[in-house]
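Asks:
Numbering (my numbering), first residue to last: 3 to 327.
1. Could you check what DSSP says for residue 317 in three-state terms: helix, strand or coil?
2. Starting from residue 59, trace the beta strand (DSSP E) both ways and give me its first and last residue.
3. To the nearest angstrom, report how far apart residue 199 and residue 192 are at their CA atoms.
4. By the DSSP assignment, the beta strand (DSSP E) with residue 199 in it spans what residues?
5. For a test of the three-state rule: what should DSSP assign to residue 84, helix, strand or coil?
6. Need the endpoints of the beta strand (DSSP E) that residue 182 sits in, please.
7. Just confirm the distance between the C-beta atoms of residue 160 and residue 180, as a whole number of angstroms; I'd bet it's less than 8 angstroms.
8. Considering only DSSP beta bridges, list what residue 179 is partnered with.
9. Helix or strand or just coil, what does DSSP make of residue 251?
10. Suppose you measure from the CA of residue 317 to the CA of residue 251; what does that come to, to the nearest Å?
11. Thinking C-alpha only, which one of 313, 64, 241, 72 is nearest residue 128?
12. Tell me which same chain residues have a C-beta within less than 6 angstroms of the C-beta of residue 61, skipping the five on either side of it?
13. Taking only runs that begin and end inside the stretch 239–295, name each unbroken beta strand (DSSP E) of 3 or more residues, in chain order.
14. Tell me the start and end of each unbroken beta strand (DSSP E) in the stretch 87–122 that is at least 3 residues and wholly inside, in chain order.
15. Please name the residue or residues paired with residue 168 in a DSSP beta bridge.
16. Taking one C-beta from the stretch 83–97 and one from the stretch 120–127 each time, how about it: are there three or more such pairs within less than 8 angstroms?
17. Which residues bound the beta strand (DSSP E) around residue 218?
18. In angstroms with no decimal places, state the Cα-to-Cα distance between residue 55 and residue 76.
19. According to DSSP, is residue 138 part of a helix, a strand, or is it coil?
20. Could you check where the beta strand (DSSP E) with residue 227 kicks off and where it finishes?
21. Can you give the beta carbon distance from residue 274 to residue 254, rounded, assuming they're within the 8 angstroms contact cut?
22. For my contact list, residue 119 and residue 89 are in at a C-beta cut-off of 8 angstroms; report their separation, rounded to the angstrom.
23. For the ligand FAD, I want to know if residue 195 counts as a neighbour, meaning its beta carbon is within less than 7 angstroms of at least one of the ligand's heavy atoms.
24. Work out the CA separation of residue 237 and residue 282 for me, nearest whole Å.
25. Given residue 219, which residues of its chain have a CB within under 8 angstroms of its CB, disregarding the five upstream and five downstream residues?
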């Protein structure tokens, strides 16, 4: 049997030690330990991000999206609580994999433009992509989240966004819950095409135009408050032009028009408080079989014709409407 020399054994041990001590790039996209198949505990990433992100990683502390970046299919980016994410002017984060940004009440995640930027473009969930933002704050973004058809899920939970042009456009499945979104542009919350948007226990307040717009797809709003213009121009709390509609247990308040409604069949709009609107409801197209029972109408139930059932109106403001926060 051949016995290795002391010199060769020492070299082997030395190389092994050096390999074990090596740290692969701590910042930037696609960084991590370079052990194939060992992405269960990717190293934390800070600093600047841009380009394709090809392996799992965790963002923490301060992260700058310096150029358009893409989370590739099959890749998960996890954002640690308390992380401050900033983005350069006009930059977009595309998600083909998973973007999991869950802060905590004590340590929310923030999403803002860099100090030298006016606004950034936002996050785009591509087909196959999944975006979850929880306990997050954000401002000065063109479109915080664009949820394309084919996306797995777009989910807001306990987010607070203000001064964003568009908070979410849903062409795929989207859920907004326990959140507060204010000071948005016309159609700042939009569902269209084959989108499926649920808004629950959420405040959507103040706009330069219409707050929540539907052009097709499915819209479910429950236990929320839409309106409260606080002196700003707000044309409609809801502008609905076709699709499946269910709006229940919601305060529809203080709009120039509470709701413009057209192109619907079998819409369910029940157990809502209609208060402080110049006009509660205007028809903008043919509707059939609209169930508007059990609503509270501060100005009295509107006379809308046979397509609308406004019977069983509540005699006083409903206490089980609005966010349950």
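C-beta: ideal position from N, C-alpha, C; glycine also.
Replies: Quick answer:
1. Secondary structure at residue 317: coil, using DSSP grouped into helix, strand and coil.
2. For residue 59, the enclosing beta strand (DSSP E) has its first and last residue at 59–73.
3. If I take the Cα positions, the gap works out to 8 angstroms.
4. Unbroken beta strand (DSSP E) run through residue 199: 191–202.
5. Reduced to three states, the DSSP call for residue 84 is coil.
6. Start and end: 182–186.
7. Indeed they touch by this definition, with Cβ atoms about 5 angstroms apart.
8. Beta-bridge partners of residue 179 (DSSP): 159, 202.
9. DSSP places residue 251 in coil when its eight states are reduced to three.
10. Residue 317 and residue 251: Cα-Cα distance of roughly 15 angstroms.
11. The candidate whose alpha carbon is nearest that of residue 128 is 72.
12. So the list reads 47, 81, 85, once near-sequence residues are dropped.
13. Counting whole runs of 3 or more residues, the stretch 239–295 contains the beta strand (DSSP E) stretches 246–250, 253–255, 259–264, 270–272, 275–277, 281–285.
14. As far as the stretch 87–122 is concerned, its whole beta strand (DSSP E) runs of at least 3 residues are 94–97, 100–104, 111–115.
15. According to DSSP, which records beta bridges pairwise, residue 168 is partnered with 145.
16. With a cut-off of 8 angstroms, the stretch 120–127 and the stretch 83–97 count as touching, because enough Cβ pairs lie within range.
17. Where residue 218 is concerned, the enclosing beta strand (DSSP E) starts and stops at 214–224.
18. Whole-angstrom Cα-Cα distance: 10 angstroms.
19. Strand, per DSSP.
20. Start and end: 227–229.
21. About 6 angstroms; that satisfies the 8 angstroms criterion.
22. Contact annotation, residue 119 with residue 89: C-beta distance approximately 7 angstroms; criterion of less than 8 angstroms satisfied.
23. As presented, the structure is devoid of all ligands, the ligand FAD included, so that no description of it is given.
24. Taking the straight line joining both Cα atoms gives about 11 angstroms.
25. Within the same chain, Cβ atoms closer than 8 angstroms to the Cβ of residue 219 are found at 172, 173, 193, 194, 195, 196, 197, 198, 199, 245, 246, the five residues on either side in sequence being excluded.
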